[in-house]
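Data block below; observations after.
In the numbering used here, the protein residues as written are 6 to 250.
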C-alpha cells in the first residue's frame, strides 16, 4: 500500500500545478462592508526573530466560506472533512460573456452546452465559474465595477444553474472569481444573496476570489483547498490550487 501511495505522489508531482490563489494584503480588493486587512510587525531580526500579526475578516482574499457563514446551526470551517477539500475540478468558461455583459449569470443552458462538448458533470465535483474577473486584481474599483449611480456590476451564478448542479448533477462545491456567488444584478433585484445562501444551505462550502482558471482545462484537473483549521470560523483565506491531468 505504501508503495502505491508513493507512486501516486510521484505521478502527481510530475503533473503541472496551478495556483488558484491571490496574494493578499492591506491594499487588496475586499468586500466593501469589511475594513482593510492590517499586517503589523511585532518583532524584527534585531530582536532575534521576525514575527508579525495579521488582522482581517475571515472572508478576505481568496477564501473558503463554510456553511455557517450564511446558515444558522450549520457546520463551521473546522468541521469540514479533509476529503471534502480535494475534489475533481470542472471549469465552465464564460469569460467572453462576462466581458460583453458584466451582469452575466450562468444559466442551465450554459451548463447543458458545456456538457454537450465535454460530457456530463460528474457527481462530487467542484465546479468553478471562469469569468476572468480575477484579472481585475488588485484594483478594488475594477472589482466593484460601479456605474454612475454607484451600483456594482459583476457576473455570477443564476439560482436555476445552482439548483441544476446540486440537484441534477450532485456536485459537491463551487467556486468563482468574484466577491459573491450571485451576479450583482441578481443581488440588486432580489435584495439578498439568494445563490450564496442556497449553496451554503447544501451543507457544503464555496471558494471565492479564485484566479488562474484560464490555465485549467474544462475537465480532468483536481482542486485542493488547503485552509487553516480556525476554531468555529465562518470562513478563512484558503490556498487553492489545481493539479492538471
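Just so it is clear, CB atoms sit at the ideal spot from N, CA and C, and this is done for glycine as well.
Since this is a predicted model, take the numbers as computed values, not measurements.
Since residue 163 and residue 112 are thought to touch, with beta carbons under 8 Å apart, how far apart are those beta carbons, to the nearest angstrom? 6 Å
Cα-Cα, which of 245, 229, 128 is closest to residue 88? 229
Counting only the same chain and skipping the five closest in sequence on each side, list residues whose C-beta sits under 7 Å from that of residue 171. 207
Coil, strand or helix - residue 106 by DSSP: coil
Pick out the complete alpha helix (DSSP H) segments inside the region 139-214, 4 residues or longer, and give them in chain order. 145-149, 164-168, 189-195, 199-206
Runs of beta strand (DSSP E) lying entirely within the region 52-140, each at least 3 residues, in chain order: 56-60, 68-70, 91-98, 131-135
Alpha carbon to alpha carbon, what distance is there between residue 212 and residue 181? 7 Å
Cβ pair residue 218, residue 96 closer than 8 Å: yes
Identify every residue that forms a DSSP beta bridge with residue 33. Partner(s): none; residue 33 has no beta bridge.
Given that a residue counts as buried once 16 or more other Cβ atoms are within 10 Å of its Cβ, and exposed if not, what is residue 216? buried
Given residue 232, which residues of its chain have a CB within under 6 Å of its CB, disregarding the five upstream and five downstream residues? 69, 241, 243
Measuring from the CB of residue 111, is there a heavy atom of the ligand FAD at a distance below 7 Å? Ligands are entirely absent from the displayed structure, and the ligand FAD is therefore not among its contents.
Taking its Cβ as the centre, do 16 or more other Cβ atoms sit within 10 Å of residue 142, making it buried, or is it exposed? buried
Could you tell me the alpha carbon to alpha carbon distance between residue 166 and residue 176, rounded to whole angstroms? 12 Å
Endpoints, beta strand (DSSP E) assigned at residue 245: 244-248
In chain order, what residues of the same chain lie with their CB nearer than 7 Å to the CB of residue 44, ignoring the 5 residues before and after it? 30, 31, 57, 59
Would you list the one or two residues that DSSP bridges to residue 240? 70
Output the distance between the C-alpha atoms of residue 18 and residue 160, rounded to the nearest integer angstrom. 34 Å
Assign residue 138 to buried or exposed, taking buried as 16 or more other Cβ atoms, counted over all protein chains shown, within 10 Å of its Cβ. buried
Buried versus exposed, by CB contacts within 10 Å (16 or more), residue 114: exposed
Distance, residue 168 Cα to residue 83 Cα: 26 Å
6 Å CB neighbourhood of residue 237 in its chain, flanking five on each side removed: 81
Whose C-alpha, out of 21, 106, 153, 131, is nearest the C-alpha of residue 93? 131
Tell me whether residue 200 is buried or exposed, calling it buried when 16 or more other Cβ atoms sit within 10 Å of its Cβ. buried
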